[in-house]
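First up is the structure itself, then whatever we jot down about it.
Protein chains: 2
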Amino acid sequence: MRYELHYWSGIQGRGEYLRLALEEAGAAYVEVVRLPESQGGGDGAMLARLDEADERQPPFAPPFLKAGKRVIAQTANILQFLGPRLGLVGASENARLWTHQLQLTIADLVNEVHDAHHPIAVSLYYHEQKPEAKRRTQHLIAERLPKFLGYFERVLERAPGGGKWLAGGKLSYADLSLFQTLAGLRYAYPKAMAKLEPAWPRIVALHDRVAARPRIAAYLASSRRVPFNEHDVFRHYPELDRA
Amino acid sequence: MRYELHYWSGIQGRGEYLRLALEEAGAAYVEVVRLPESQGGGDGAMLARLDEADERQPPFAPPFLKAGKRVIAQTANILQFLGPRLGLVGASENARLWTHQLQLTIADLVNEVHDAHHPIAVSLYYHEQKPEAKRRTQHLIAERLPKFLGYFERVLERAPGGGKWLAGGKLSYADLSLFQTLAGLRYAYPKAMAKLEPAWPRIVALHDRVAARPRIAAYLASSRRVPFNEHDVFRHYPELDRA
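Those protein sequences? They're chains A and B, same order as listed.
The opening position of the first sequence corresponds to residue 1 in this note's numbering, with each subsequent residue numbered one higher.
The opening position of the second sequence corresponds to residue 244 in this note's numbering, with each subsequent residue numbered one higher.
Structure representation (structure tokens):
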């Protein structure tokens with residue numbers, strides 16, 4: 001199966017959680033927006049396709065994945081679809097539900113990080129909601145990051161198999177997602193994270209373990225990995241970062 | 244199977260999406276917080292159980308569901324678990340993924356509605372973030388509600404079976420969730436919704452169809468249905484409601 005990933009070309013965003021899964025599995029996939037325009041490339045063509053992609057089951061927003069005739073949207077839903085096919089989730093119903101539950105909790109955290117620089121509206125620029133962003137980010141750093149990351153640290157502490165991976169003895173897509181989220185938080189809030197991180201040694205070790213996997217390391221070093229930037233979910237605005 | 248639902252006693256909140264599914268199916272379930280304290284009742288006991296509920300797979304937040312020895316959290320994940328067991332989702336993988344995709348999109352909308360009255364922090368009261376809430380709610384009403392509800396209207400328009408139900412010819416848990424969301428929006432923003440609703444006749448018809456189902460009608464008329472209130476996800480603050 002050759003998968004088609006449809007997502008914005010210039011950001012990691014929510015699409016990155018899918019890229020990491022596809023890369024770790026060595027799956028055959030193409031990012032359609034990165035093709036020449038004559039082959040459907042470009043963000044505009046993707047947006048136009050959003051509504052045509054599947055007349056009966058249209059995605060609400062990118063990312064969406066085409067797998068043969070199927071069109072699937074919602075990042076966590078796509079990961080749930082890919083998980084068994086890419087060997088990135090346990091086979092039992094319990095393993096699938098638990099891994100998905102973790103993924104949805106990561107998605108909640110990612111939403112909160114996004115909204116910290118866009119607390120009023122996605123239709124406004126950051127500079128149009130800067131005082132509100134400052135206020136929200138203070139609460140994010142002081143309250144929400146410790147709550148979410150403290151939770152994942154606890155999950156690792158209790159996980160079978162020595163706490164290497166969130167959902168037990170084997171790497172799952174949720175581990176890739178936690179890696180990405182920690183990497184993003186470090187980019188966005190280097191001062192705050194330097195202070196907070198020592199409380200989460202298991203998450204830091206998981207991050208390093210994921211980064212060292214051969215396919216992930218090759219991907220991160222490649223031009224396929226879009227650099228972090230200030231159009232993305234994780235943004236570094238020095239005025240928001242407080243130790 | 245007798246299910247145990249664990250959620251705040253005083254609000255509909257995200258737990259309501261589970262209550263509606265359990266009620267529609269006539270499932271045997273108990274809301275543990277509503278039991279006498281000697282039997283584990285009370286919100287405090289629920290919070291204490293959150294972390295003990297399953298040592299290996301702790302929920303991050305309510306709601307969570309106990310089904311035998313299983314403990315499952317994240318509303319959409321619980322619905323996905325219950326769907327086939329309660330006859331509230333199609334049998335094929337495609338039907339399950341599509342219904343879940345719709346549910347996750349409804350969850351995104353519900354998050355945005357919540358954040359419209361809490362744009363800065365969940366740890367602050369509404370009155371501590373009122374100017375920001377006013378600003379965010381204007382964008383919610385002008386931009387986000389039309390985008391989300393316009394999308395669901397389009398899904399119904401294209402759905403097989405005459406557009407009665409979101410995921411095809413048969414009621415699914417996503418229909419119950421869309422009903423609840425419309426009901427909540429009407430409560431929160433009566434003026435704005437009166438103006439917007441004519442654009443979404445299929446959603447309004449779906450709402451009425453769900454409300455008329457015998458078990459749902461009985462539930463809505465019962466004391467098990469917590470009234471809408473201002474501690475909930477959908478809140479009516481007249482100063483935020485604009486036609």
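C-beta: ideal position from N, C-alpha, C; glycine also.
Item                                                                                                                                                                                 : Value
Rounded to a whole number of angstroms, what is the C-alpha to C-alpha distance between K164 of chain A and A212 of chain A?                                                         : 13 angstroms
Could you tell me which chain B residues have their CB closer than 7 angstroms to the CB of D115 of chain A, listed as they occur along the chain?                                   : D358
According to the Cβ coordinates, are P190 of chain A and P362 of chain B closer than 8 angstroms?                                                                                    : no
Using a Cβ-Cβ distance under 8 angstroms, would V398 of chain B count as near chain A?                                                                                               : yes
Drop a sphere of 10 angstroms on the beta-carbon of P302 of chain B, count the other beta-carbons inside from all chains shown, and report buried for 16 or more, exposed for fewer. : buried
Assuming F64 of chain A is part of the beta strand (DSSP E), what are its boundary residues?                                                                                         : F64 to A67
Closer than 7 angstroms, Cβ to Cβ, to anything on chain A: give me those residues from the segment 314-330 of chain B, in chain order.                                               : I315, A316, Q317, A319, N320 and F324
Mind checking who R313 of chain B pairs with in its DSSP beta bridge?                                                                                                                : B:A310
Tell me, please, which residues DSSP counts as bridged to L5 of chain A.                                                                                                             : A:E31 and A:L65
When the Cα atoms are used, what is the spatial distance from N337 of chain B to K69 of chain A?                                                                                     : 11 angstroms
Is the Cβ of S172 of chain A closer than 8 angstroms to any Cβ of chain B?                                                                                                           : no
Got a sec, what are the start and stop residues for the alpha helix (DSSP H) G393 of chain B sits in?                                                                                : L388 to R401
Is E143 of chain A closer than 8 angstroms to A364 of chain B when the C-beta atoms are compared?                                                                                    : yes
Assign H127 of chain A to one of two classes, buried (16 or more other C-beta atoms within 10 Å of its C-beta) or exposed (fewer than that).                                         : exposed
Please list, in chain order, the chain A residues whose beta carbon lies closer than 7 angstroms to that of R378 of chain B.                                                         : I120
Interface residues of chain A around S420 of chain B at Cβ under 8 angstroms?                                                                                                        : Here the premise fails: no neighbours, minimum Cβ distance about 14 angstroms.
Report yes if the CB atom of V113 of chain A is closer than 8 angstroms to the CB atom of A188 of chain A, and no otherwise.                                                         : yes
So, for A73 of chain A: in the same chain, excluding its five sequence neighbours on each side, which residues have a beta-carbon less than 6 angstroms away from its beta-carbon?   : P59 and F64
How about V155 of chain A and L176 of chain A: do their beta carbons lie closer than 8 angstroms?                                                                                    : no
Using a Cβ-Cβ cutoff of 7 angstroms, what residues of the segment 97-111 of chain A are near chain B? List them in chain order.                                                      : L97, W98, H100, Q101, L104, T105 and N111
Would you give the residue range spanned by the alpha helix (DSSP H) that P190 of chain A belongs to?                                                                                : P190 to L196
For the putative contact between L322 of chain B and L409 of chain B, defined by C-beta atoms under 8 angstroms, what is the C-beta separation to the nearest angstrom?              : Their Cβ separation, rounded to whole angstroms, is 13 angstroms, which puts L322 of chain B and L409 of chain B out of contact at 8 angstroms.
Would P160 of chain A count as contacting chain B if we go by Cβ distances under 8 angstroms?                                                                                        : yes
Please report the straight-line C-alpha distance between T75 of chain A and S415 of chain B, rounded to a whole angstrom.                                                            : 21 angstroms
According to DSSP, which residues form a beta bridge with W408 of chain B?                                                                                                           : B:G411
Within 8 angstroms of any Cβ in chain A, is that where the Cβ of P301 of chain B sits?                                                                                               : yes
Going by beta-carbon coordinates alone, are R467 of chain B and E396 of chain B separated by less than 8 angstroms?                                                                  : no
For chain B, is any of its Cβ atoms less than 8 angstroms away from the one on N229 of chain A?                                                                                      : no
What separation, rounded to the nearest whole angstrom, lies between the Cα atoms of G284 of chain B and Y125 of chain A?                                                            : 46 angstroms
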